[in-house]
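Student: Quick one: structure below, then a few questions.
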RNA sequence: GCUGGCGUAGCUCAGUCGGUAGAGCAUCGGUUUUGUAAACCGAGGGUCGGGGGUUCGAAUCCCUUCGCCAGCUCCA
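Residue numbers (the working numbering): 262 to 909.
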């Protein structure tokens with residue numbers, strides 16, 4: 262039995278130290294500077310407190326503010342700091358839990374009277390004070406029963422729940438203490454509150470206890486913290502930047518769409534300018550349908566309720582429907598999905614294997630009841646149009662069909678200006694038969710064909726077990742927008758359910774009747790949602806081909822209007838959307854206005870231009886204007902539109 | 001749906017202690033005819049989200065309802 266242990270450091274060196282040495286001791290022995298900047302440590306890959314005595318040989322790494330992993334510890338400690346400050350100010354508060362999150366941290370509190378925004382300021386001030394006091398995050402181990410008793414005595418029912426949930430009866434439990442605040446917590450934490458340099462409380466929100474809406478709601482306080490004031494400011498700025506891209510704000514400023522209180526929430530009015538963008542999106546999609554061998558169909562918006570009993574949707578999604586209506590002694594409903602309609606078209610005639618694959622596509626508008634609190638601009642609505650298609654094919658055809666769908670999806674995203682994606686394969690949970698229909702063979706076949714497609718296309722993907730639709734596995738493609746946010750839009754899904762429920766058939770080569778496989782896919786996802794993402798991605802500065810107004814003509818004085826009209830008609834003849842602004846306003850004011858409308862090209866014309874058949878081009882985002890022959894500009898913009906160029 | 005916040009002119013917002021509503025931009029009329037991001041003068045515009053209540057009197061206080069925002073829950 263040796264009293265010393267060996268610690269291997271990241272530079273490869275090995276230190277022999279007495280048992281019980283802490284990571285902080287090691288840091289001190291390396292340099293006082295390191296000891297000062299150390300925040301936590303990693304021992305054999307596990308995050309630990311700097312002050313934790315080391316008992317055995319291990320690989321040790323001291324974490325400072327250069328390690329992203331230290332930030333998680335830092336934020337977790339920030340959450341404890343928040344809780345400590347709340348207890349100082351509001352001692353009667355009961356505590357839930359307070360983890361680090363992707364962008365900060367939160368802590369859940371239970372309290373009779375909810376926190377107000379003024380409370381938030383007070384709490385933040387108190388946190389500042391506790392940082393000044395440089396309180397240690399002290400860890401101790403107590404007997405489970407003792408710990409339970411202590412929390413029970415304080416009425417901390419949530420802490421008791423966590424102890425009972427996460428520890429076994431004979432275990433010692435880990436407690437962290439910061440000032441008056443005691444937490445059942447496995448850590449690790451910073452050595453003391455003084456290490457926290459930059460934090461801000463952001464907002465207060467409700468959150469269900471244990472995430473279950475049947476439980477009472479807690480008060481959740483959100484905050485964030487960073488290693489430096491500068492990082493914090495950068496983050497707060499980036500929130501401000503994201504706000505400027507908000508499609509609801511831009512939709513108003515650029516007059517793209519609206520939602521009308523009188524008409525109802527979650528229902529979109531496409532204004533003329535948004536309508537042009539929608540037309541471009543739809544034209545693109547319909548052209549692609551035709552090019553890729555899809556057939557375009559249209560199905561009714563209101564259909565007999567019986568259809569949805571047959572499809573099974575009545576049972577599974579009744580809570581997501583708009584209520585049905587009665588007409589002539591029958592019940593009808595607005596469609597919440599397009600699949601049953603397409604199936605009726607498929608079934609209307611007997612199909613031969615020679616007819617397959619049948620690909621039926623529709624820009625189909627559906628209505629779904631979303632709970633009142635979940636609507637969000639264009640991204641979560643009650644009425645929307647899916648670029649929906651259903652493919653019916655033989656087992657031999659399935660892989661190619663899926664591969665084509667995935668490539669189609671990538672082409673959509675690319676043409677609309679997205680070049681980064683993440684792909685996910687959602688599979689079933691064989692243990693959860695209640696949530697998934699179909700046999701094990703069906704699931705295995707379907708999942709392996711999806712996998713094989715992704716492999717053949719050389720697409721990296723994440724598998725997410727248990728996330729499949731109840732009727733089959735699916736491939737989801739998430740796009741990454743201009744500021745790095747992820748959006749779920751495209752989906753390619755297997756469906757075992759509907760072919761069975763509707764007894765779909767085709768006649769095989771040998772004359773027997775077989776059931777076709779069915780693929781359900783939507784690439785924009787919903788036209789509304791895709792539009793919302795486009796607005797945010799481009800911050801309203803659309804590529805020329807999508808811009809509602811592509812060129813604004815600005816005659817300098819009234820006498821130049823005629824020439825402006827002449828240029829405009831040349832542009833219109835070339836298929837360009839051009840607006841001539843002949844208002845009695847200063848040129849400067851017109852430039853300002855149209856620049857704020859993010860119009861790609863402003864053409865100023867005066868005496869110089871009209872005499873030489875030229876235009877003065879002011880390009881969005883560019884400081885300098887340039888003189889150009891009219892014909893030259895027409896060719897330039899034609900080319901940009903044709904190429905769907907994202908740059909001007 | 002839940003917790004909290006918020007609804008004032010077309011838009012962005014001010015409005016003190018409860019005393020009958022105001023600015024800028026936009027709109028309309030006029031003047032001006034302009035060289036690269038806001039010309040000047042004038043006018044009109046409000047059941048203060050809706051309904052009810054308290055009060056001599058309500059944008060302001062209370063109740064209720066609709067909508068919006070943040071988050072939770074949900075998202076086939």
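Built from N, CA and C at the ideal position, the CB exists for glycine as well.
Since the structure is predicted, the reported quantities are computational estimates derived from the model, not experimental observations.
Go ahead and label residue 345 buried or exposed: buried means 16 or more other beta carbons lie within 10 angstroms of its beta carbon, across all protein chains shown.
Tutor: Residue 345 sits at position 84 when you count from the first residue of the first chain. With 16 or more Cβ atoms within 10 Å of its Cβ, residue 345 is classed as buried.
Student: Who are the Cβ neighbours of residue 612 in its own chain at under 8 Å, not counting the five residues just before and after it?
Tutor: As a first step, residue 612 must be located in the first chain, where it is residue number 351. Around residue 612: 619, 653, 766, 767, 768 and 777.
Student: Who does residue 478 pair with in a DSSP beta bridge?
Tutor: Taking the first chain and counting its residues from 1, the one referred to as residue 478 is at position 217. Per DSSP, 469.
Student: Could you please give the first and the last residue of the uninterrupted alpha helix (DSSP H) stretch that includes residue 647?
Tutor: The residue given as residue 647 occupies position 386 in the first chain. From DSSP, residue 647 is part of no alpha helix (DSSP H) but of the beta strand (DSSP E) over 644-654.
Student: Once the 5 residues before and after residue 463 are set aside, which same chain residues still bring their CB inside 8 Å of it?
Tutor: As a working mapping, residue 463 is identified with position 202 in the first chain. Closer than 8 Å at the Cβ level, and outside the excluded window around residue 463, lie 365, 483, 484 and 485.
Student: Our contact map puts residue 718 next to residue 686 with C-beta atoms below 8 Å; I'd like the distance itself, whole angstroms only.
Tutor: By 1-based counting over the first chain, the position of residue 718 is 457. By 1-based counting over the first chain, the position of residue 686 is 425. That pair is no contact at about 12 Å.
Student: Does the separation of the CB atoms of residue 302 and residue 295 fall below 8 Å?
Tutor: Position 41 of the first chain, counted from the first residue, corresponds to residue 302. Position 34 of the first chain, counted from the first residue, corresponds to residue 295. Going by C-beta atoms, residue 302 is not nearer than 8 Å to residue 295.
Student: When the Cα of residue 553 is compared with those of 348, 494, 420 and 661, which residue comes out closest?
Tutor: Start at 1 with the first residue of the first chain, and residue 553 comes out as number 292. Among 348, 494, 420 and 661, the Cα nearest to that of residue 553 is on 661.
Student: Below 8 Å on the Cβ atoms is my guess for residue 518 versus residue 529; work out the distance and round it to an integer in Å.
Tutor: Numbered from 1 along the first chain, position 257 holds the residue referred to as residue 518. Numbered from 1 along the first chain, position 268 holds the residue referred to as residue 529. So it is a contact: roughly 6 Å between Cβ atoms.
Student: In the structure shown, what three-state DSSP assignment does residue 730 receive?
Tutor: On the first chain, residue 730 is found 469 positions in, with the first residue counted as 1. It is a strand residue.
Student: Taking the continuous beta strand (DSSP E) assigned at residue 555, which residues delimit it?
Tutor: Start at 1 with the first residue of the first chain, and residue 555 comes out as number 294. Note, residue 555: premise wrong, no beta strand (DSSP E); not H, not E.
Student: Taking three-plus beta-carbon pairs below 8 Å as touching, is the segment 667-679 in contact with the segment 811-818?
Tutor: Touching, no.
Student: Tell me the rounded alpha-carbon separation between residue 477 and residue 314.
Tutor: Your numbering for residue 477 matches position 216 in the first chain. Your numbering for residue 314 matches position 53 in the first chain. Distance between the alpha carbons of residue 477 and residue 314: 41 Å.
Student: On a CA-only basis, which of 623, 527, 811 and 617 is nearest residue 583? Give me that one, please.
Tutor: Taking the first chain and counting its residues from 1, one reaches residue 583 at position 322. Looking at the Cα atoms, 527 is the closest of the given residues.
Student: The alpha helix (DSSP H) that contains residue 566, what's its start and end?
Tutor: For the purposes of this step, residue 566 is identified with residue 305 of the first chain, where counting begins at 1. Run containing residue 566: 566-572, per the alpha helix (DSSP H) assignment.
Student: Go ahead and label residue 708 buried or exposed: buried means 16 or more other beta carbons lie within 10 angstroms of its beta carbon, across all protein chains shown.
Tutor: Counting from 1 along the first chain, the entry for residue 708 is found at position 447. The residue in question, residue 708, is buried, as its Cβ has 16 or more Cβ neighbours within 10 Å.
Student: Taking its Cβ as the centre, do 16 or more other Cβ atoms sit within 10 Å of residue 523, making it buried, or is it exposed?
Tutor: As a first step, residue 523 must be located in the first chain, where it is residue number 262. Per the 10 Å Cβ criterion, exposed.
Student: For a quick check, are the C-beta atoms of residue 424 and residue 448 less than 8 Å apart?
Tutor: By one-based count along the first chain, residue 424 stands at place 163. By one-based count along the first chain, residue 448 stands at place 187. Not in contact: residue 424 and residue 448 (Cβ atoms no closer than 8 Å).
Student: Residues in its own chain within less than 6 Å of residue 377 by CB, not counting five upstream and five downstream?
Tutor: Here residue 377 refers to the residue found at position 116 when the first chain is read from its first residue. Correct list: empty, nothing qualifies.
Student: Tell me, to the nearest whole angstrom, how far the beta carbon of residue 572 is from that of residue 759; I am working on the premise that it is less than 8 Å.
Tutor: Here residue 572 refers to the residue found at position 311 when the first chain is read from its first residue. Here residue 759 refers to the residue found at position 498 when the first chain is read from its first residue. Yes, they are in contact, since the Cβ atoms of residue 572 and residue 759 sit about 6 Å apart, within 8 Å.
Student: By the 10 Å Cβ neighbour count, where 16 or more other Cβ atoms means buried, how is residue 555 classified, buried or exposed?
Tutor: Counted from its first residue, the first chain places residue 555 at position 294. Burial call: buried.
Student: Give me, in chain order, the residues of the same chain whose beta-carbon lies closer than 7 Å to that of residue 420; leave out the 5 immediate sequence neighbours on both sides.
Tutor: Within the first chain, numbered from 1, the residue matching residue 420 stands at position 159. Here the set comprises 356, 412 and 445.
Student: Taking C-beta to C-beta, are residue 367 and residue 347 nearer than 8 Å?
Tutor: Taking the first chain and counting its residues from 1, the one referred to as residue 367 is at position 106. Taking the first chain and counting its residues from 1, the one referred to as residue 347 is at position 86. No, these two residues do not count as a Cβ contact at 8 Å.
Student: What does a CB cutoff of less than 7 Å around residue 334 pick up in its chain, not counting 5 residues either side in sequence?
Tutor: Taking the first residue of the first chain as position 1, residue 334 is located at position 73. Excluding sequence neighbours, residue 334 sits near 300, 301, 308, 449, 450 and 451.
Student: Are the segment 782-797 and the segment 533-546 touching by the rule of at least three beta carbon pairs closer than 8 Å?
Tutor: The segment 782-797 vs the segment 533-546: in contact.
Student: Apply the 10 Å Cβ neighbour rule to residue 880 and answer buried if 16 or more other Cβ atoms are within range, or exposed otherwise.
Tutor: Numbered from 1 along the first chain, position 619 holds the residue referred to as residue 880. Label assigned to residue 880: exposed.
Student: Helix, strand or coil for residue 454, going by three-state DSSP, please let me know.
Tutor: Position 193 of the first chain, counted from the start, is the residue given in the question as residue 454. DSSP places residue 454 in helix when its eight states are reduced to three.
Student: At a cut of 8 Å, does the segment 501-516 reach the segment 791-799 through at least three beta carbon pairs?
Tutor: Cβ pair count under 8 Å is three or more, so yes.
Student: Please state whether the Cβ-Cβ distance between residue 898 and residue 837 is less than 8 Å.
Tutor: Counted from its first residue, the first chain places residue 898 at position 637. Counted from its first residue, the first chain places residue 837 at position 576. Taking 8 Å as the Cβ cut-off, residue 898 and residue 837 qualify as a contacting pair.
Student: I need the straight-line Cα distance from residue 531 to residue 502, nearest angstrom please.
Tutor: If you number the first chain from 1, residue 531 lands on position 270. If you number the first chain from 1, residue 502 lands on position 241. Rounded to the nearest angstrom, the two C-alpha atoms are 25 Å apart.
Student: Counting C-beta neighbours from all protein chains within 10 Å, is the total for residue 282 16 or more, i.e. buried, or is it exposed?
Tutor: The residue labelled residue 282 in the question sits at position 21 within the first chain. Classification of residue 282: buried, given that the 10 Å Cβ count is 16 or more.
Student: Excluding the 5 residues flanking residue 416 on each side, which residues of the same chain have their C-beta closer than 7 Å to its C-beta?
Tutor: Translated into the one-based positions of the first chain, residue 416 becomes position 155. If we look at residue 416 and ignore the five residues flanking it on each side, its Cβ neighbours are 355.
Student: Could you pull the start and end residues of the beta strand (DSSP E) that residue 892 belongs to?
Tutor: Working through the first chain from its first residue, we reach residue 892 at position 631. Counting along the chain, residue 892 falls outside any beta strand (DSSP E), though it belongs to the alpha helix (DSSP H) covering 891-903.
Student: From the DSSP output, in three-state form, read off residue 494 for me.
Tutor: Within the first chain, residue 494 is the residue found at index 233, counting from 1. Three-state DSSP puts residue 494 in a helix.
Student: Between which two residues does the beta strand (DSSP E) containing residue 813 stretch?
Tutor: The sequence position of residue 813 within the first chain is 552, counting from 1. From DSSP, the beta strand (DSSP E) with residue 813 extends over 812-816.
Student: Can you tell me whether residue 399 is helix, strand or coil according to DSSP?
Tutor: For the purposes of this step, residue 399 is taken as residue 138 along the first chain, with counting starting at 1. In the structure shown, residue 399 sits in a strand (DSSP, three-state: E or B).
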